[in-house]
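K.L.:
Each residue of the sequence shown is one higher than the last, beginning at 29 in our numbering.
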Amino acid sequence: MGKLELINSALAQTGDNLVNAADDGSVEWTVCSPAYERALAVVTEAHPWSWVTTFRTLQPAGNAPADVRYDTAYNLPPDLVHLILVRLNDRKCIWDIQDGQMIVNAQGGPPPPNPPTTPYPVTIKGIFSTKSDPANGTPTVVLALERFVMAGIYRGIKKDNAEAGKMFAEALQILEAAKSRHDMQKPKRALFISRTRRARYTRRPDWPIPSGGDNGPWGL
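1) Can you tell me the Cα-Cα spacing of K31 and Y64, whole angstroms?
2) Let me check understanding here. Comparing Cα to Cα, which of H75, V96, P62, S160 lies closest to W249?
3) I'd like the ranges of any alpha helix (DSSP H) spanning at least 4 consecutive residues and lying wholly in the region 127 to 202.
4) Q87 to P167, Cα distance in whole Å?
5) Less than 8 Å separating the beta-carbons of M178 and Q41?
6) Spell out the partners DSSP gives I125 in its beta bridges.
7) Which residue comes first and which comes last in the alpha helix (DSSP H) that contains R66?
8) If P138 and Y98 are in contact, beta carbons under 8 Å, what's the gap, nearest whole angstrom?
9) Please list, in chain order, all residues of the same chain as S54 whose beta carbon is under 7 Å from its beta carbon, the five residues on each side excluded.
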């Protein structure tokens with residue numbers, strides 16, 4: 029379902045006129061289009077959906093990081109919504125964000141080696157807006173988007189803030205259900221158990237049993 033189809037589906041459910049074409053200047057499109065775009069941005073950022081998440085390899089930028097603890101800077105892609113992880117030479121590494129760039133010790137720093145060496149390949153995993161087309165989304169994600177648009181219709185066209193609030197809350201509930209359904213398709217993650225918690229549930233060696241003169245337990 030594309031943007032126009034989703035907006036018309038929301039308009040049909042609220043009893044409003046449908047839109048014949050995108051950017052037709054109608055009140056319906058003027059209200060629904062920004063509501064849709066904002067909702068799509070929120071849905072995209074809310075979760076690492078399989079269709080919006082991918083890996084990309086970055087090339088070093090021309091400048092050195094201002095933070096002397098790192099030796100190489102990388103420009104982040106303009107369509108990056110959320111950075112999930114960074115791999116240096118196909119291994120997880122320590123990284124940071126500064127001045128809109130990702131900074132990494134990709135040359136063996138700090139300090140940078142003298143003479144400088146070629147930085148290792150840096151690969152990032154992230155959520156990207158250019159992959160956020162809802163046509164690739166699950167039915168529950170599309171349903172959540174539809175409810176967000178309906179909230180915009182009630183607020184912008186019908187001037188019914190109470191009903192708009194209900195639609196917005198319903199959209200959030202559906203979105204949470206969509207996250208759960210999506211994660212069911214992914215491998216189970218191992219639970220993190222701290223050392224302290226593990227020690228509490230680990231059987232300890234038996235303590236020596238006190239004995240009395242006749243070697244009976246507890247002096248008996």
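Beta carbons are placed, not taken as given, at the ideal position from N, Cα and C, and that holds for glycine.
P.N.:
Based on what the coordinates show:
1) So the alpha carbons of these two residues sit roughly 8 Å apart.
2) The question about residue 249 has no answer, for the chain in this structure spans 29 to 248.
3) Unbroken alpha helix (DSSP H) stretches of 4 residues or longer found wholly inside the region 127 to 202: 167 to 184, given in chain order.
4) Each residue's Cα considered, the two are about 37 Å apart.
5) In this structure, Q41 lies closer than 8 Å to M178 by Cβ.
6) Bridge partners of I125: M130.
7) 55 to 74 is the span of the alpha helix (DSSP H), which, as asked, contains R66.
8) With a Cβ gap of about 7 Å, P138 and Y98 count as contacting.
9) V47, listed in sequence order.
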